[in-house]
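Visitor: Dropping the structure in here first, questions after.
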DNA sequence: CAGGTCGTGAAAATCCTGTGAACAGCAGGC
DNA sequence: GCCTGCTGTTCACAGGATTTTCACGACCTG
């Protein structure tokens, strides 16, 4: 999928062949998002996939990690916006900006 | 691969032709790491390769030996950092610093 | 504009690593 | 046998990195 490669088995995500230095949670989140391109994923789905179980009502973990992921992706791929917010619902991963 | 040569059959590792004095375990670990350059290897993989079987949950053998290996490599090759830590996962061997 | 939702820096809590040191086992030399 | 030096194993602590939580301001929607 273009310049971003994700290899969950190797615990790695590459941009143009160079590895992003993601933490475990960041990578899990990226994997979960990228597993369903163009599909809007709710916070509950993402939380279940990365953290397991259900989030507290006021849990913001997903948001915080989306923010961190965007920061690191934005550094490596400034021209694209891969993760889109869907207000009131969740997030969507779009391989092509 | 540059100035470091590893000869598993001869139980030896050389830097600029001069042998490092590694113990058996240290050499095994170096061989295991260097067998997969740039690939992140989990503690489980490394433990299985060097010690065999699975590590106890709180086993730190791999860490201790990585530390010793780094010390000896660092003495012989001060300018490079060959073994990189990947927090929460394991270690990665990178021939070029 | 009001009310809910999001983005994000930063503090707090937790988890993970680096490494010195203590200890046991082993081989060789005397 | 006894001592010595070396290796491997384990523990403990300090420091570092990550994760979690909080707070405040911006943003969006009706």
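Residue numbers (the numbering used here), protein chains in the order written: chain A, 1 to 97; chain B, 98 to 194.
Glycine residues also receive a C-beta, built at the ideal position from the N, C-alpha and C atoms.
#1: Can you tell me where the alpha helix (DSSP H) with residue 105/A in it begins and where it stops?
#2: With burial defined as no fewer than 16 other Cβ atoms inside 10 Å of the residue's Cβ, what is the status of residue 103/A: buried or exposed?
#3: For a contact defined as C-beta to C-beta under 8 Å, what are the partners of residue 24/A on chain B?
#4: Any residues in the region 7-20 of chain A with a beta carbon nearer than 9 Å to a beta carbon of chain B? Which ones, in chain order?
#5: Measuring CB atoms only, is the region 122-139 of chain B touching the region 59-75 of chain A, in the sense that at least three cross pairs come out at less than 8 Å?
#6: Do you know whose CA, among 113/B, 114/B, 100/B and 142/B, lies nearest residue 186/B's CA?
#7: Which partner residues of residue 84/A appear in the DSSP bridge assignment?
#8: What in chain A is Cβ-close to residue 136/B, meaning under 7 Å?
#9: Could you round the C-beta distance between residue 77/A and residue 7/A to whole angstroms and report it? I think they count as a contact, below 8 Å.
#10: By the DSSP assignment, the alpha helix (DSSP H) with residue 170/B in it spans what residues?
#11: Would you kindly report the start and end of the unbroken alpha helix (DSSP H) that includes residue 119/B?
#12: Helix, strand or coil, according to DSSP, for residue 35/A in the structure here?
#13: Are residue 183/B and residue 189/B close, meaning C-beta to C-beta below 7 Å?
#14: If you draw a straight line from the alpha carbon of residue 52/A to that of residue 22/A, how long is it in whole angstroms?
Guide: According to the structure data:
#1: Lying before the first or after the last residue shown, residue 105/A is absent from chain A, which here runs from 1 to 97.
#2: Nothing about residue 103/A can be read from this structure; chain A reaches only from 1 to 97.
#3: Along the first chain, one-based indexing puts residue 24/A at 24. Within chain B, the residues near residue 24/A are 184, 185 and 186.
#4: Listed by position, the residues of the region 7-20 of chain A near chain B (Cβ gap below 9 Å) are 10, 11, 12 and 19.
#5: With a cut-off of 8 Å, the region 59-75 of chain A and the region 122-139 of chain B do not count as touching, because too few Cβ pairs lie within range.
#6: What you label residue 186/B is simply residue 89 of the second chain in a count that begins at 1. Of the listed residues, the one whose Cα sits closest to residue 186/B is 142/B.
#7: Counting from 1 along the first chain, the entry for residue 84/A is found at position 84. Note: residue 84/A sits in a beta bridge opposite 92/A.
#8: Start at 1 with the first residue of the second chain, and residue 136/B comes out as number 39. The answer, in chain order, is 10.
#9: The sequence position of residue 77/A within the first chain is 77, counting from 1. The sequence position of residue 7/A within the first chain is 7, counting from 1. Contact flag wrong, Cβ pair sits at about 17 Å.
#10: Taking the first residue of the second chain as 1, we reach residue 170/B at position 73. Segment 158-173, the alpha helix (DSSP H) holding residue 170/B.
#11: Here residue 119/B refers to the residue found at position 22 when the second chain is read from its first residue. Counting along the chain, residue 119/B falls outside any alpha helix (DSSP H), and DSSP gives it neither H nor E.
#12: For the purposes of this step, residue 35/A is taken as the residue at position 35 of the first chain. Coil, per DSSP.
#13: Start at 1 with the first residue of the second chain, and residue 183/B comes out as number 86. Start at 1 with the first residue of the second chain, and residue 189/B comes out as number 92. Yes, the Cβ-Cβ distance between residue 183/B and residue 189/B is below 7 Å.
#14: Walking along the first chain from the start, residue 52/A turns up at place 52. Walking along the first chain from the start, residue 22/A turns up at place 22. C-alpha separation (whole angstroms): 19 Å.
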